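Student: Quick note: the sequence shown uses my numbering, first residue 523, plus one each step.
Backbone N, C-alpha and C define an ideal beta-carbon position, used for all residues, glycine too.
For clarity, every value in this text was computed on a predicted model and none was experimentally measured.
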Amino acid sequence: MATGETGFSDVVHDLISVQYHALKGCREYEQYVRDANEEAQPEIADFFRNVLRQDAERAVACHRYLSKLAGRSPAGSIGR
523 MATGETGFSD VVHDLISVQY HALKGCREYE QYVRDANEEA QPEIADFFRN
573 VLRQDAERAV ACHRYLSKLA GRSPAGSIGR
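1. Identify which residue in V582, L591, Q541, E552 has its Cα closest to the Cα of D568.
2. For Y542 and R549, what's the separation of their Cα atoms in angstroms?
3. Could you compute how far the alpha carbon of D536 sits from the alpha carbon of A578?
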């Protein structure tokens, strides 16, 4: 299991990165939904809601994998 510069395995780092970006995207997509609604574009608002839902699901999946990995390792030593 490779350990990167962070002291965590590359997979743990990658999961954290994907989770972060998915959650950050969700915040932005909420604004996109509001923008589409304000411009009376319900189809586009639905599109952004779907994108938001997909990223939310992605963040949940990352959390699940990180929890699973943490359960297999002593506290504070994920991936070591």
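Tutor: Reading off the structure:
1. Within the sequence shown, residue 568 is the residue found at index 46, counting from 1. The shortest Cα separation from D568 among V582, L591, Q541, E552 belongs to E552.
2. The residue labelled residue 542 in the question sits at position 20 within the sequence shown. The residue labelled residue 549 in the question sits at position 27 within the sequence shown. Whole-angstrom Cα-Cα distance: 11 Å.
3. If you number the sequence shown from 1, residue 536 lands on position 14. If you number the sequence shown from 1, residue 578 lands on position 56. When rounded, the distance between both Cα atoms is 17 Å.
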